[in-house]
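Right, one structure below, let's go through it.
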Amino acid sequence: MSTRESRLGDTRIRLSEATVADFFALLKPRVMALAVFTAFVGLMVAPEAMNPVIALVAIGAIAVGAGAAGALNMWYDADIDALMSRTSKRPIPSGRVTPGEALGFGLVLSVLSVMTLGVLVGWLAASLLAFTIFFYVVIYTMWLKRSTPQNIVIGGAAGALPPVIGWASATGGIGIESVILFLIVFLWTPPHFWALALFKVGDYAVAGIPMMPNVVGAASTRKQILAYSLLLAPVAVLPWAFGFASGFYGTVSAALGAGFIWHAWKLLAISDREMKLAKALFAYSIFYLFAIFAVLLADTIAMRAVMSAGN
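Heads up: the sequence shown begins at 833 in the working numbering, then just goes up one per residue.
Next up, the structure:
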């Protein structure tokens, strides 16, 4: 009997003493917050103004859907989470929540979020949310994560879809603008997670997860981080190039992209300080994505205020 089967068997004879905080932790709140923020920016950048109440419903449904995907991810990954120092204290491996409870929680939230978004906002947005949950749980968690070092590259599509869902919630369609926002998050994901994998390589080795440093080595991973950084920086300037952001955004995004490349170059060039530099890049990557979307949001609000004043 496998570890997962054994743990699932335990849920038939006992109930956990989980608290509200434990179930909230199942939602992966930090990941959920990032998904909600990028979705909100996608919604706000869209040219069609939404009713504030409907917009709030859309963001709430996207948040619940992102949390549901996190809960299902933790349910399936409980066996490997128990082996890694970074994840061993999560609700399921620590015994605070049973796998059965996490599975039911995630499935209920998945259905609730998709149906709410479909009925009250739009079925294109709901379909994209359903696909995102499916892709993250089935394609990434159950298949790619344990089978290929390209897991985070392909699986990153799930994390890149929230701004597209936000845009679709506002417009009922998918525009080139939302595709650009998708590409920014998609290209950001590999260097962000590979930086983490460089200083958590031991955890992934123990769990048998084929992250890039464990499969091809640190030197090759550092080169690929720089390559993705060189792709990401110009793509992040595209909102200005395509006319849905001002020159202010273009200048700031170019400067932020230069900072990303600088961190990636240092990581490649100074191998004897790899762990320290990988942690620095990981921290900067979090700041970078938040800053890019925050500046785009502020830029959009400012441009609309200027246009309204001019009218």
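Backbone N, C-alpha and C define an ideal beta-carbon position, used for all residues, glycine too.
Please report how far the alpha carbon of residue i lies from the alpha carbon of residue j, in whole angstroms.
i, j, result
"residue 1068", "residue 858", "31 angstroms"
"residue 985", "residue 1016", "13 angstroms"
"residue 1085", "residue 927", "44 angstroms"
"residue 1135", "residue 1078", "8 angstroms"
"residue 1048", "residue 915", "22 angstroms"
"residue 842", "residue 924", "Only weak support is given to the placement of residue 842: the predicted model assigns it a pLDDT of 48, under 50, and the question is left unresolved by the model."
"residue 1138", "residue 1080", "14 angstroms"
"residue 910", "residue 1074", "44 angstroms"
"residue 1011", "residue 849", "44 angstroms"
"residue 865", "residue 872", "10 angstroms"
"residue 1129", "residue 877", "7 angstroms"
"residue 1087", "residue 1124", "10 angstroms"
"residue 945", "residue 1101", "46 angstroms"
"residue 912", "residue 888", "36 angstroms"
"residue 939", "residue 885", "26 angstroms"
"residue 1083", "residue 855", "42 angstroms"
"residue 1095", "residue 895", "31 angstroms"
"residue 1116", "residue 952", "37 angstroms"
"residue 994", "residue 1034", "31 angstroms"
Taking residue i as part of the alpha helix (DSSP H), name the residues at either end of that continuous run.
i, result
"residue 1049", "First-last for residue 1049: undefined, no H or E at that position."
"residue 993", "Where residue 993 is concerned, there is no enclosing alpha helix (DSSP H), given that its DSSP letter is neither H nor E."
"residue 900", "884-908"
"residue 1031", "1008-1031"
"residue 921", "No alpha helix (DSSP H) holds residue 921; DSSP gives it neither H nor E."
"residue 931", "931-952"
"residue 810", "Because residue 810 is not part of the residues shown, which for the chain are 833 to 1143, the question remains open."
"residue 959", "955-966"
"residue 1085", "1079-1101"
"residue 881", "Residue 881 -> no alpha helix (DSSP H), and no H or E assigned at all."
"residue 1072", "1070-1073"
"residue 855", "852-858"
Can you list, in chain order, the residues of its chain whose CB lies under 8 angstroms from that of residue i, leaving out five sequence neighbours each side?
i, result
"residue 1053", "1026, 1029, 1030, 1044 and 1045"
"residue 808", "The structure shown does not extend to residue 808, since the chain is modelled only from 833 through 1143, so no value can be given for it."
"residue 1118", "1024"
Figure out for me which residue from the options has the closest Cα to the Cα of residue i.
i, options, result
"residue 1122", "1094, 1024 and 990", "1024"
"residue 978", "1039, 995, 884 and 946", "1039"
"residue 800", "1115, 1120 and 1114", "Nothing can be reported for residue 800, as the shown portion of the chain is limited to 833 through 1143."
"residue 967", "901, 860, 943 and 1133", "901"
"residue 780", "952, 989, 982 and 951", "For the chain, the structure presents residues 833 to 1143; residue 780 sits outside this window and is missing."
"residue 997", "852, 1132, 1115 and 965", "965"
"residue 1008", "987, 1056, 1070 and 991", "1070"
"residue 1036", "895, 981 and 994", "981"
"residue 897", "867, 973 and 1116", "867"
"residue 1072", "908, 895 and 1132", "1132"
"residue 933", "908, 870 and 1115", "908"
"residue 1055", "1013, 1103 and 1032", "1103"
Buried or exposed, going by whether 16 or more other CB atoms sit within 10 Å of the CB of residue i?
i, result
"residue 906", "buried"
"residue 890", "buried"
"residue 879", "exposed"
"residue 921", "exposed"
"residue 903", "buried"
"residue 930", "buried"
"residue 837", "With a pLDDT of 49 at residue 837, under the threshold of 50, the modelled position of this residue cannot be trusted, and the question is left open."
"residue 899", "buried"
"residue 874", "buried"
"residue 1140", "exposed"
"residue 1001", "buried"
"residue 883", "exposed"
"residue 969", "buried"
"residue 852", "exposed"
"residue 917", "exposed"
For residue i, which residues from the same chain have a beta carbon less than 6 angstroms from its beta carbon, with the 5 sequence-adjacent residues on both sides left out?
i, result
"residue 949", "893, 957, 958 and 961"
"residue 1098", "1109"
"residue 1076", "1009"
"residue 881", "none"
Short of 7 angstroms in beta carbon distance, which residues of its chain neighbour residue i, apart from the five on each side in sequence? Order them along the chain.
i, result
"residue 1004", "954 and 956"
"residue 1050", "1030 and 1106"
"residue 1041", "912, 977 and 978"
"residue 1018", "988, 989 and 992"
"residue 937", "855, 858 and 903"
Do residue i and the ligand COA come close, with the Cβ less than 7 angstroms from some heavy atom?
i, result
"residue 1017", "This structure lacks the ligand COA, and indeed carries no ligand of any kind."
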